[in-house]
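Number of protein chains: 2
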Amino acid sequence: MLVLKTDAANFRVKFEEILKRGKMDIENVEDIVKNIINEVRERKNKALFEHISKFDKWTPIKDDDLVISKDDMKKAYENLDEDLKCALHLAYDRIKAYHEKQLPKTWLTFEDNGTILGQKVTPVERAGVYVPGGKAFYPSSLLMNVIPAIVAGVEEIVVTTPVIENKPNQLLLAALYICGMPKAFKVGGASAVAAMAYGTETIPKVDVITGPGNIFVATAKKLVYGEVNIDMIAGPSEIGIIADESAKPNYMAIDLLSQAEHDEMASSIMITPSEKLALKTKEKIYEFLEELERKDIAEKSIEERGAIIICKNIDEAIELMNEIAPEHLEVVTKNPFELLPKIKNAGAIFLGENTPEPIGDYIAGPNHTLPTGGSAKFYSPLNVEIFMKKSSIISFSKEAIEKMGKDCALLAKTEGLTAHQKSVLERLK
Amino acid sequence: MLVLKTDAANFRVKFEEILKRGKMDIENVEDIVKNIINEVRERKNKALFEHISKFDKWTPIKDDDLVISKDDMKKAYENLDEDLKCALHLAYDRIKAYHEKQLPKTWLTFEDNGTILGQKVTPVERAGVYVPGGKAFYPSSLLMNVIPAIVAGVEEIVVTTPVIENKPNQLLLAALYICGMPKAFKVGGASAVAAMAYGTETIPKVDVITGPGNIFVATAKKLVYGEVNIDMIAGPSEIGIIADESAKPNYMAIDLLSQAEHDEMASSIMITPSEKLALKTKEKIYEFLEELERKDIAEKSIEERGAIIICKNIDEAIELMNEIAPEHLEVVTKNPFELLPKIKNAGAIFLGENTPEPIGDYIAGPNHTLPTGGSAKFYSPLNVEIFMKKSSIISFSKEAIEKMGKDCALLAKTEGLTAHQKSVLERLK
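Chains as they are written, first to last, in numbering that gives the first Met the number 0: chain L, 0 to 428; chain R, 0 to 428.
1) From the DSSP secondary-structure annotation, give me the bridge partner or partners of L/His-327.
2) So which residues on chain R does L/Cys-178 lean against when the C-beta distance must stay under 7 Å?
3) Could you run through the segment 221 to 233 of chain R and flag, in chain order, every residue whose CB is less than 7 Å away from some CB of chain L?
4) Chain L partners of R/Ser-422, CB-CB under 8 Å?
5) Say whether chain L places a C-beta atom closer than 8 Å to the C-beta of R/Ser-267.
6) What whole-angstrom Cβ distance do L/Ile-241 and L/Ile-296 have, given they're in contact under 8 Å?
7) What residues from chain C crowd round R/Arg-293, counting only those whose CB sits closer than 9 Å?
8) Around the Cβ of R/Glu-34, are there at least 16 other Cβ atoms within 10 angstroms (buried) or fewer (exposed)?
9) Indicate the three-state DSSP secondary structure (helix, strand or coil) for R/Gly-359 in the structure shown.
10) Is the segment 44 to 54 of chain L in contact with the segment 171 to 191 of chain L, if contact means three or more CB pairs nearer than 8 Å?
11) At least one CB of chain R closer than 8 Å to the CB of L/Arg-426: is that the case?
12) Closer than 8 Å is the cut-off here; do at least three beta carbon pairs connect the segment 69 to 79 of chain R with the segment 339 to 357 of chain R?
13) Does the beta carbon of R/Ser-236 come closer than 8 Å to any beta carbon on chain L?
14) For a quick check, are the C-beta atoms of R/Met-251 and R/Thr-218 less than 8 Å apart?
15) Taking Cβ-Cβ distances shorter than 8 Å, what residues in chain R pair up with L/Pro-431?
16) State the Cα-Cα distance for the pair L/Glu-315 and R/Glu-260, rounded to the nearest angstrom.
17) Name, going along the chain, the residues of the segment 12 to 40 of chain L whose beta-carbon falls closer than 7 Å to a beta-carbon of chain R.
18) Below 8 Å between beta carbons: does that hold for R/Arg-293 and L/Thr-417?
19) Using CA coordinates, which residue listed in R/Leu-409, R/Met-269, R/Phe-184, R/Pro-335 is at the minimum distance from R/Asp-71?
20) Taking the beta strand (DSSP E) that L/Gly-198 falls in, what are its first and last residues?
21) Enumerate in chain order the residues of its own chain whose CB-to-CB distance from R/Pro-235 is below 6 Å, with the five nearest sequence positions on each side excluded.
22) Pull out every residue of the segment 295 to 309 of chain R whose Cβ sits closer than 8 Å to any Cβ of chain L, in chain order.
23) Using a Cβ-Cβ distance cut-off of 8 Å, determine whether R/Ala-347 contacts chain L.
24) Report the residue from L/Val-205, L/Leu-102, L/Leu-65 whose alpha carbon sits nearest the alpha carbon of L/Lys-182.
25) For a test of the three-state rule: what should DSSP assign to R/Ala-277, helix, strand or coil?
26) Of the choices R/Asn-353, R/Lys-247, R/Ile-238, whose alpha-carbon is the least far from that of R/Ser-300?
27) Entirely within the segment 58 to 116 of chain L and at least 3 residues each: give me those beta strand (DSSP E) ranges in chain order.
28) Helix or strand or just coil, what does DSSP make of L/Asn-27?
29) Name the chain L residues that come within less than 9 Å of R/Tyr-187, Cβ to Cβ?
30) At a Cβ cut of 8 Å, what residues of the segment 200 to 212 of chain L count as close to chain R, listed as they run along the chain?
31) What separation, rounded to the nearest whole angstrom, lies between the Cα atoms of R/Ala-126 and R/Asn-9?
32) Tell me, which residues are paired with R/Val-120 by DSSP?
33) Could you check whether L/Phe-215 and R/Val-207 sit closer than 8 Å to each other, using their CB atoms as the reference points?
34) Report yes or no: do three or more beta-carbon pairs, one from the segment 351 to 364 of chain R and one from the segment 396 to 408 of chain L, lie closer than 8 Å?
35) Thinking L/Phe-136 and L/Leu-171 are a contact (beta carbons under 8 Å), I'd like their distance in whole angstroms, please.
36) Specify the secondary structure class of R/Ala-191 as computed by DSSP and reduced to three states.
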């Protein structure tokens, strides 16, 4: 694992590599994905049947074959291990409670001249949630995408997921039941994104598509952006840690590994002024590695993309971390809250030694769908607002237009828009 | 101009054409735009010089040639007609006051077990605003894009605009001065979008790009989406009017024309249960048309894309309008506010006969950059939040992790993520 000092001659070169992490090469798959989207757009369910046959190892024959029924969900839920059921319900309740606090409100303001201005907030009618399938199914992803849409008040939530060999994952079914979904659809990949963007005989066209996925799904989301809204284009997972000498090396080590185990392309970066912590943490990483089920993935990620950076002081650590703009940021210092004003770019900020990043993946409440690859500089975590939209409200009284109409007409005239000008002047007659 | 009744046999066919309005055929220009972007990405200012030479009829020689200086802005401002200066300041102040009300706040919540959850709001560091140039320069567009970024607290706002023959529009310069911009950059089209997305020797890389533009600009924005955030992909302008028999035909006619004059591709649609209003409005439209400077554009738009729909009642009007999801919606009925609960999809809603749409273009305060082509179903008006992003805040106490850690570890184990599991269990030891 790379250990770097910020005063080393080659530091900036190495650091630039970290900054360039996680850029996905969408161009390579763009033509394939465009074809898939066009096929679904033109031949709808028929195209879906073919794609499923090709990728998911089963062949739907009629439209209904695409549907996962509520009955199947209920059965899976009833067979669920009791402890797991409790854990999923706890997660559901906490995620719901957090996202309820995000709900924006409609507001109005008034002026003495009779002007009323405001902003109306309305949920979108239909939201589409993509859930990756096969062996990598994560029930937590379903909760994190569906709950914000429920809280937003979306009327119809369309869940799509690939179902390999037509054998649905029982945990997925149970999680769908917990979320109260009336049905879901067995279709995955770029085909699922296309189906939700344009609609088919069975799958309704939605207004917004969210959810993680591989590069085909990410590319499809980018291509249909504008036809529908999307949450973000997410790449491999990342963790950044800012720690001082008070941090425990075993905590730091296992937290870095918790991102590394996601993906060989994941990035785990710690920045600390404590050389002692740096070296001890590195040691602990190799100890823990041996105990992991996903050791191979975690090891490759740590070796190729992990880094511990030894810096001059905490201020420098924060500056560098703001450049990295990590998806997850742990701050493990004596008084982590005092650093919050300076932390500008991070998807989620985990404060203190009792807040390991996995707490945020499952149980804390905030969303675990977070901007990656430095896009925390401009994207927010998945939240209820992606499932809502605003309309401006404007109401002028006779008095208001008499007061401001002349200025408005002058601006319209200046722009050469005489119908705009006349439209105001007509009211001033 | 098309007049349609909802009970006519061919109504749905005609209505579907309205729903399909304003789809831009980005694919046709995608390859050209990709080339432009790649050139700017690779050769930076050198590529910009070539593109300016090709499209803007002048040839920059050195990097500084791209810069519009504060001095030039000041001179233009000082030469501005006094009435126009006042009108622009009024617009500036009202737009600023409205957008200040949109500012989201950082919040924190607490649980008795010591858990702290919240959401931190931070402005992006740099925002890029594209301003169309040449004969179609609209000072109002500059205000509507720059002011939300100022209100959001963005440190550096990068304004780019094409300057034909290197002769800057004096009104643009004055408006830049009113906005307090320290400088701006003379580059337009897809090149400007690429420069802001990737940075050049002179133009800094930004986090978010907003602003209207032609199909090349729109396509470039879509292509760089993900590298930076963008506001939306906007198409031709539109107005929808819901009116009852109380509406004045001359008001309705000139308001419909005020969108039609923007663009031959603009759509102006009125839906009313009053056949009398429908026919009178149509008559008035042809009268007003003769008086417009942009008669040819407005006429083509009204003939090819305008429509008056006679419906059964106001409820049907609202239903149809929600399907259309117009950029601008005027509601001119006896009591327009009582219809607000049912209005779901519209960029901006103008209530009552004294609120003509142009009031919202210039002076009311809400943004005039609004979702078009039906995308009001999922996009919001341009607002301060595009220039800000959120970070989740999570802090667990020892007590909190002891209470919830077991459930969290179980979920991690269920997903096969043993480092996640251990990261939590390590704290429970």
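We put the beta carbon where it would ideally sit given N, CA and C, even for glycine.
Put simply:
1) L/Ile-238, L/Ala-347
2) The premise fails here: L/Cys-178 is roughly 15 Å from chain R at the closest Cβ pair, so nothing lies under 7 Å.
3) Lys-221, Tyr-224, Gly-225, Val-227, Asn-228, Ile-232
4) Tyr-250, Ile-253, Asp-254, Leu-256, Ser-257, Pro-355, Glu-356, Pro-357
5) no
6) In fact, because the Cβ distance is near 25 Å, the residues do not count as touching under 8 Å.
7) No chain C is present in this structure, whose protein chains are L and R.
8) In the sequence on display, residue 34 of chain R carries Asn and not Glu. So R/Asn-34 ends up on the exposed side.
9) helix
10) yes
11) yes
12) no
13) no
14) no
15) Outside the displayed range of chain L (0 to 428) lies residue 431 of chain L, so it cannot be described from this structure.
16) 55 Å
17) none
18) yes
19) R/Phe-184
20) Segment: none, L/Gly-198 is in no beta strand (DSSP E) and carries neither H nor E.
21) Gly-21, Asp-262, Met-264, Ala-265
22) Ala-297
23) yes
24) L/Leu-65
25) helix
26) R/Ile-238
27) 66 to 68, 106 to 109
28) helix
29) According to the sequence displayed, residue 187 of chain R carries Gly and not Tyr. Simply none; closest approach about 18 Å.
30) Asp-206, Val-207
31) 48 Å
32) R/Lys-389
33) no
34) yes
35) 5 Å
36) helix
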